[in-house]
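Here the protein sequences line up with chains A, B, C, D and E, keeping their order.
Its first residue numbered 1, the first sequence is counted upward by one per residue in the working numbering.
Its first residue numbered 1, the second sequence is counted upward by one per residue in the working numbering.
Its first residue numbered 1, the third sequence is counted upward by one per residue in the working numbering.
Its first residue numbered 1, the fourth sequence is counted upward by one per residue in the working numbering.
Its first residue numbered 1, the fifth sequence is counted upward by one per residue in the working numbering.
Positions of the beta carbon are idealized from the N, C-alpha and C atoms, including for glycine.
In what follows, a single structure is set out as structure tokens and then discussed.
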Amino acid sequence: MNLVLDIALLALMGIVAIAIIRLRDLVAVTMLASIYSLLAATMFVILDAADVAFTEAAVGAGISTVLMLAALNLTGFTEKAPLRSAFVPVLIVIATGLVLGYGMMDLPRYGDPSAPIHLHVAPKYLQDTGPEIGIPNVVTAVLASYRGYDTLGETTVIFTAGLGVTLLLSGRRRRRATPESSS
Amino acid sequence: MNDQPIARILTKALVPLVLLFGLYVQVHGEASAGGGFQAGVILGAAVILYGLVFGLDAAKRAVPLGVLYPASGIGVLIYGGVGIASQMLGGDYLDYGVLAGDFVAGQKLGITLVEAGVGITVASVMIIVFLEFTGRRDPA
Amino acid sequence: MTGPEIWLAATLAIPLAGALLIALSGDWPNFRDAISLLSATGLFAANVMLVLMPDHAGTLALAPFLPGAPLVLKIEPLGLMFGLLASGLWIVTTIYAIGYMRANEEANQTRFFACFALALASTMGVAHGGNLITLFVFYEALSLTTYPLVTHHGTPEARRAGRVYLGLLVGSSIALFLFALLWTWAVAGTLDFKPGGILAGNASAAVLSVLLLLFVFGVGKAAVMPLHRWLPAAMVAPAPVSALLHAVAVVKAGVFTLLKIAVYIFGLDLLATLDARDIVLAATGFTILAASIVALREDNLKRRLAYSTVSQLSYIVMATIVASPFAAAGAGAHLVSHAFGKITLFFCAGAIYTAAHKEKVSELNGLGQRMPWTMGAFALGSLAVIGLPPTAGFLSKWTMFQGAIAAGDYALPIVLGLGTLLSAGYLLPVIYRAFFLPPARSGLAATAEAPLPMRVALLFTAAGCIALFLMPDLLTSLPLEAIRGRR
Amino acid sequence: MSLLGIVNYWVFVALMMLGFYALIARGHLVKKLVGLSVFQASVFLFYISLGKVDGGEPAILVDDPTTIYSNPLPHVLILTAIVVGVATLAVGLALAVRIREAYGTMEEDEITEMDRTA
Amino acid sequence: MIGQLPALQVVVPLLAAPLCVVLRNGTLAWLLAVATSWAALAMAVVLTGQVLAGGPIAYAMGGWLPPWGIEYTIDSFNVLILLIISGSAAAILPFARHSVADEIAPEQHARFYSAFLLIMTGLLGMAATGDVFNLFVFIEISSIATYAAIALGRDRRALTAAFNYLVLGTVGATFYLIGVGLLYAVTGTLNTADLASRIAPLLESRTVIVGFAFISVGLMLKVALFPLHQWLPNAYTYAPSVITTFLAATATKVALYSLLRVAFAVFGAGYVLERLPTEAILLAIAGTAIVVASTTAIFQKDLKRLLAWSSLAQVATIVLGVGIGNAQGLAGALLHMFSHALTKGALFMAAAVFALRLGGTSLERLQGAGRRMPWTSAALVLAGLSLVGVPLTASFVSKWTIVLAALERGWWPVAGFILVTSLLTLAYVVRVVEALYFRPSAADAPAREAPLSMLWPLWLMVAGTFYFGLNSSIPMRLATQAAALLLGVAP
């Protein structure tokens with residue numbers, strides 16, 4: 001068991017998350033977010049999800065960070081001190097957390113090989129990927145073939161993001177019409 | 001960064017390596033971790049690195065936006081087109097088994113094709129997004 | 001298509017086509033007015049053809065609408081009566097309106113005449129609607145198509161009046177009438193008009209009582225207090241609107257609907273057993289007296305006439321609810337006779353406004369000399385509304401009176417008597433002022449009669465009041481046919 | 001002991017809620033987006049932890065038939081979800097940039113105030 | 001090829017979207033988009049015929065049988081939704097040209113139509129899919145395209161509206177994802193039908209209850225059901241007119257469809273309606289929403305914003321129909337989705353025309369437009385009547401069905417409530433009518449009727465509301481079948 005490593009990683013993630021909330025220097029926040037992603041990626045490796053770890057590292061720690069810095073470069077680097085009372089958000093968050101925690105009480109034990117998800121659907125992928133698809137990486141097989149349609153959707157999402165960013169940023173900067181006085 | 005010779009030399013050496021690595025991840029995704037998406041990100045990153053060091057204009061000369069915009073769509077079209085092709089050949093949508101004479105060969109072919117589509121879209125979108133953000137000047 | 005189907009379709013098609021042509025011909029006023037007149041005449045002809053159909057039988061399916069509740073038109077005696085009345089008077093009103101609108105140089109005349117035609121189409125739907133849902137659909141359409149006529153002038157006052165008008169009519173019809181209708185559908189499983197009613201045996205007495213109240217107050221066009229406010233509000237409209245719509249088509253659509261509900265949904269026999277009848281009788285009795293008293297004190301001529309209408313409508317509702325065949329026939333007859341009387345009065349009010357620019361009763365002193373034809377017609381119309389011979393109003397009131405006595409109901413006769421006195425009280429002074437008081441100093445000198453088309457119209461309807469007195473069968477034959485359930 | 005097997009899920013919940021808090025309580029638009037990323041990354045963690053099997057290996061097939069593989073399906077789902085997340089982030093940042101250009105600020109309170117008085 | 005329709009229904013617009021970008025030319029992209037939407041409508045019509053004749057159709061993506069692959073299931077419920085989406089798009093895209101030319105920079109036209117098609121793709125996918133994770137993917141396709149499209153509005157508040165929607169929308173989607181994760185954890189499957197059979201013995205599990213709660217809240221954010229509606233009024237008001245029109249006709253309804261589908265198909269009617277206090281919750285929420293949203297609408301000074309608030313009230317009416325909890329109520333709710341799509345589509349189209357010709361949609365600008373733009377104004381009034389639920393319009397039929405459902409359960413106060421609250425609708429429609437016809441127009445007001453290419457789709461929608469008001473048999477049949485299907489009783 002990697003219990004100690006688990007605990008250390010999760011504790012670090014918690015600390016990073018709290019620091020993200022508290023810090024107002026946004027470059028630091030961006031860096032912390034990137035660290036959070038790296039820690040998550042490490043967890044993914046521990047949890048046997050190599051592809052996910054790879055992606056999380058590339059996306060969370062790489063692309064997202066570059067994008068955020070690029071955006072901050074255009075917008076400024078510090079956040080103002082919060083004026084509003086945090087009471088309502090705290091309430092919402094605690095309530096949501098409690099409900100979610102309550103719901104997790106009936107989950108199968110962590111790592112339990114007899115959990116339903118290991119007995120239904122997934123075994124077929126592990127058994128049949130070899131004979132049916134003929135490649136060793138089951139994740140790729142599921143991603144591109146068994147659930148290939150999801151991945152078509154995923155590719156479309158990426159395309160949509162590129163389209164959206166282009167729609168928003170590529171035009172020459174026009175003066176926006178001043179808000180209609182009547183509305 | 002344009003006047004930092006070390007960075008420039010390093011980048012010149014690094015970019016081809018990164019590109020190569022990206023291609024490796026693209027074609028080797030069936031056997032180990034990685035695939036079209038990860039490869040696309042890496043390819044994109046190589047260009048982004050190039051742009052950061054040699055300047056946006058250089059990056060735009062290397063991969064013009066006029067090519068990237070259609071490319072981002074073509075990736076999706078390749079992916080979706082494979083599905084249409086399998087319908088033409090009598091299968092259900094994205095049923096790669098009908099693409100080649102042998103079911104397993106068809107699957108492999110289909111996966112390779114769609115992963116290529118994913119890679120093209122992801123790489124071009126990554127670069128597009130980077131160029132759009134950095135191409136926007138700070139408001140005067 | 002068979003004969004009855006063709007003529008039923010024509011009752012809708014003619015005014016609708018008229019409305020469309022009118023809307024498209026806005027740039028040529030003469031052409032537009034000709035079309036108005038032509039559609040009115042055509043519509044009347046179609047209704048006459050319907051009366052001539054053998055056995056008064058025939059149906060026309062319009063649309064599937066809801067499962068089990070199609071839109072249907074059907075020839076039926078009460079509907080024939082109402083259809084003839086409204087379409088016939090439309091001809092007269094059109095002549096009058098052309099004179100009125102031109103003389104007063106009203107704006108948006110195209111919209112006015114188009115909406116007028118649409119309102120008539122809706123009225124025809126109400127008249128010939130073959131089941132309650134069809135009737136309801138056109139009843140709503142009538143509220144909506146007359147709204148632009150009420151708000152016609154677009155002044156803040158007109159807009160406010162329009163809101164009251166629409167709010168009360170559509171409000172009551174959706175919140176109460178539609179509710180009752182859905183409830184009826186839920187318990188009876190049908191909305192067809194059947195001689196003897198469809199509710200008998202389908203619901204408890206309590207539910208029936210609630211339904212009766214929902215119907216009586218939901219049909220806001222019948223103007224039973226406290227849902228009468230829309231009618232005086234509607235008086236901001238041009239006079240032709242007040243005349244045809246708010247003395248004939250719209251208000252009579254309300255009492256007509258109640259008459260149909262009483263005869264074909266409840267059935268008079270079932271209705272006679274309901275306790276809630278007393279509440280309705282009390283409300284209508286109160287309305288008759290209260291509205292008359294308000295009319296006594298109202299100085300604005302059109303508003304005085306409007307309150308008079310409120311009270312007269314309640315006679316009809318009351319006589320319907322008495323639920324004896326003869327009283328109900330009287331209700332039907334009064335629907336017609338009051339229409340002739342009241343339209344005459346409104347025509348006169350409009351003529352006075354056009355010729356003398358007077359709107360208040362207190363300003364009418366001496367007008368009789370200047371506008372003898374108009375004021376003479378006003379006198380005849382007043383007699384009809386009060387219910388004195390030699391006018392049709394006398395006959396219809398007498399029939400209601402007798403019907404109630406025969407049914408052993410004494411509330412109606414008493415209220416009827418009192419109301420008649422009161423109506424004399426608010427109408428006769430107008431005539432007295434016009435003919436017997438000297439004019440005020442600020443001149444009537446330049447005043448002459450209203451334009452010819454208007455005069456022709458008001459004299460025609462005044463003559464009608466007398467003609468119907470001479471031919472009483474015209475008043476009662478169709479209602480009696482409906483109530484006795486011939487066929 | 002089942003409780004111990006549940007505790008780590010609760011830790012994920014705590015992480016999710018920290019991100020969720022940054023998202024809804026903080027006024028700076030970029031900070032919100034960072035919160036969103038943390039929130040989503042923690043949800044991903046939860047999914048992946050579901051797929052873990054004691055003593056399992058990554059689901060890349062090897063010839064040894066005794067190998068226990070961790071469940072690949074959550075991995076596939078989360079790969080898609082990560083991509084969706086970064087797509088949302090990119091569009092969100094683009095919006096933030098445009099908002100900054102149009103309003104001159106990225107603080108939600110100030111923007112609300114400017115819209116109210118406009 | 002007929003057998004391939006379930007996939008093509010979604011894939012054709014999905015592939016047309018990148019093709020628009022590849023074409024680059026705005027006009028070509030527009031033509032492609034129009035052609036695509038008509039093709040989609042044709043496919044939806046054929047599918048409707050098939051479903052009515054032969055019952056539900058299952059389609060296995062990639063040839064992989066469920067639960068291992070992703071399955072599409074087309075039945076009388078989602079075929080209705082497919083019709084709504086593709087029908088709206090088919091009417092709006094031809095209409096869009098002038099409005100887009102006016103509101104969007106020319107170099108962005110091709111991308112704009114691409115985004116439109118992506119929204120459409122996402123919505124169609126949400127409707128067609130029988131897989132809860134695939135649903136998430138399509139939710140995000142439509143959402144991300146929507147965020148970007150909303151931000152293209154001319155007013156700068158479009159940007160903040162889009163950002164707020166992005167934040168709330170993503171929270172909604174993430175909640176949905178959490179809910180799906182919980183259900184997946186205890187069942188091991190993502191296929192709707194398979195999930196239903198495997199979840200049946202687990203309905204008392206805390207995980208399942210909380211999973212249901214998270215899915216519901218997540219999707220309700222997308223439905224904009226009170227009190228989770230904050231993103232909607234600004235988004236509809238400031239988005240480009242064409243986008244507002246399409247969203248108002250389809251988006252919240254499709255989200256509600258997804259919610260109903262997951263709730264009834266996975267958890268079962270018995271669980272949703274009897275085990276949980278669903279009826280009470282829905283009635284309370286919907287009732288409040290109708291009153292609050294309609295009242296707010298009355299006081300709006302801008303037509304688009306007024307219509308946006310009205311949408312909130314109408315969606316709440318649909319939810320109320322569901323909350324009545326019998327087959328009739330559910331059928332009424334589905335019918336109301338259909339009729340409201342037609343009605344709101346027409347209304348926002350008219351608003352788009354006014355935005356084009358008058359430069360804005362404040363009621364002040366609309367004054368006197370009845371004379372200067374008679375066709376558009378008349379269409380707005382007629383569609384407004386349908387919004388109120390006047391007889392002969394499609395909304396009358398659907399409201400009638402919902403009220404009857406309430407009476408069937410003996411809930412006459414609910415029946416009365418629905419009728420009385422439609423009068424609030426009348427109040428704000430009358431305000432618009434007064435502005436158009438009974439208030440003087442400004443002296444320098446521009447005076448030009450809309451181009452024909454905008455008028456015919458607008459009037460087509462209006463004609464639709466009246467046609468289905470007169471003859472409701474086809475939607476009625478679909479809705480009744482779908483309600484029976486959801487409640488698990490034989491039609």
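Interface partners of residue i on chain A, CB under 8 Å
{"i": "Glu113 (chain D)", "result": "By Cβ distance, chain A contributes nothing, its closest Cβ being about 11 Å from Glu113 (chain D), past 8 Å."}
{"i": "Tyr79 (chain B)", "result": "Thr151, Leu152 and Thr155"}
Contacts that residue i makes with chain E (C-beta to C-beta distance below 7 Å)
{"i": "Ile174 (chain C)", "result": "Leu419, Ser422 and Leu423"}
{"i": "Tyr110 (chain A)", "result": "Within chain E, no residue comes near Tyr110 (chain A); the closest Cβ sits about 11 Å away, beyond 7 Å."}
CB contact check: residue i to chain C, cutoff 9 Å
{"i": "Gly389 (chain E)", "result": "yes"}
Close beta carbons around residue i, own chain, < 7 Å, minus the five adjacent residues each side
{"i": "Leu491 (chain C)", "result": "Because chain C spans 1 through 487 in this model, residue 491 (chain C) falls outside it and cannot be assessed."}
{"i": "Val186 (chain E)", "result": "Leu202, Ser205, Thr207 and Val208"}
{"i": "Val41 (chain B)", "result": "Val122 and Met126"}
Enclosing alpha helix (DSSP H) for residue i [first to last residue]
{"i": "Val98 (chain B)", "result": "Segment: none, Val98 (chain B) is in no alpha helix (DSSP H) and carries neither H nor E."}
{"i": "Val53 (chain B)", "result": "Gly36 to Phe54"}
Proximity test, Cβ basis, 9 Å: residue i and chain G
{"i": "Tyr165 (chain E)", "result": "In the structure shown, chain G cannot be found, because the protein chains are A, B, C, D and E."}
Residue i: contacting residues in chain B (beta-carbon distance under 8 Å)
{"i": "Ala90 (chain D)", "result": "Val129"}
{"i": "Val97 (chain D)", "result": "Phe133 and Arg136"}
Cutoff 9 Å: residue i Cβ touching any chain E Cβ
{"i": "Tyr69 (chain B)", "result": "yes"}
{"i": "Ala203 (chain C)", "result": "no"}
{"i": "Gly148 (chain A)", "result": "yes"}
Neighbour flag for residue i against chain B, beta carbons, 9 Å
{"i": "Ser114 (chain E)", "result": "yes"}
{"i": "Ala41 (chain D)", "result": "no"}
{"i": "Phe77 (chain A)", "result": "no"}
Chain A contact for residue i (CB, 9 Å cutoff)
{"i": "Met349 (chain E)", "result": "no"}
{"i": "Ile111 (chain B)", "result": "yes"}
Chain-ordered neighbours of residue i on chain E, where CB pairs are closer than 9 Å
{"i": "Thr151 (chain C)", "result": "Val433, Glu434, Tyr437 and Phe438"}
Minimum Cβ-Cβ distance from residue i to chain D less than 9 Å
{"i": "Ala8 (chain A)", "result": "no"}
{"i": "Gly62 (chain B)", "result": "For the sequence presented, residue 62 (chain B) should be read as Ala rather than Gly. Not an interface residue."}
{"i": "Ala255 (chain E)", "result": "no"}
N- and C-terminal bounds of the beta strand (DSSP E) containing residue i
{"i": "Ile57 (chain E)", "result": "Ile57 to Ala60"}
{"i": "Lys74 (chain C)", "result": "Ala69 to Lys74"}
Neighbour list for residue i in chain A, Cβ cutoff strictly below 9 Å
{"i": "Met211 (chain E)", "result": "A quick correction: the sequence has Gly, not Met, at residue 211 (chain E). Ordered by position in chain A, the residues that pass the 9 Å Cβ test against Gly211 (chain E) are Gly103."}
Cutoff 6 Å; reference residue i; Cβ partners in own chain excluding five residues on either side
{"i": "Gly169 (chain E)", "result": "Ser143"}
Chain D contact residues for residue i, given Cβ-Cβ distances below 8 Å
{"i": "Phe37 (chain B)", "result": "Leu79 and Val83"}
{"i": "Ser32 (chain B)", "result": "Ile60"}
Cross-chain neighbours of residue i in chain E, by beta carbon under 8 Å
{"i": "Ile74 (chain B)", "result": "Pro18 and Val22"}
Under 7 Å from the C-beta of residue i: neighbouring residues of chain D
{"i": "Phe264 (chain E)", "result": "Within 7 Å Cβ-Cβ: nothing; Phe264 (chain E) doesn't reach chain D, min ~24 Å."}
Neighbour list for residue i in chain C, Cβ cutoff strictly below 8 Å
{"i": "Gly384 (chain E)", "result": "By Cβ distance, chain C contributes nothing, its closest Cβ being about 11 Å from Gly384 (chain E), past 8 Å."}
4 or more residues per run - each alpha helix (DSSP H) lying fully within the stretch 319–394 of chain C: With a minimum length of 4 residues, the continuous alpha helix (DSSP H) runs that stay inside the stretch 319–394 of chain C are 325–356, 367–370 and 372–386.
Every unbroken alpha helix (DSSP H) within the stretch 126–170 of chain C, with a cutoff of 4 residues, ordered by chain: Contiguous alpha helix (DSSP H) elements confined to the stretch 126–170 of chain C occur at 132–150, taking only those with 4 or more residues.
Entirely enclosed alpha helix (DSSP H) segments - the stretch 109–169 of chain A, minimum 4 residues: Listed in chain order, the complete alpha helix (DSSP H) runs (minimum 4 residues) inside the stretch 109–169 of chain A are 116–119, 122–128, 138–141 and 148–169.
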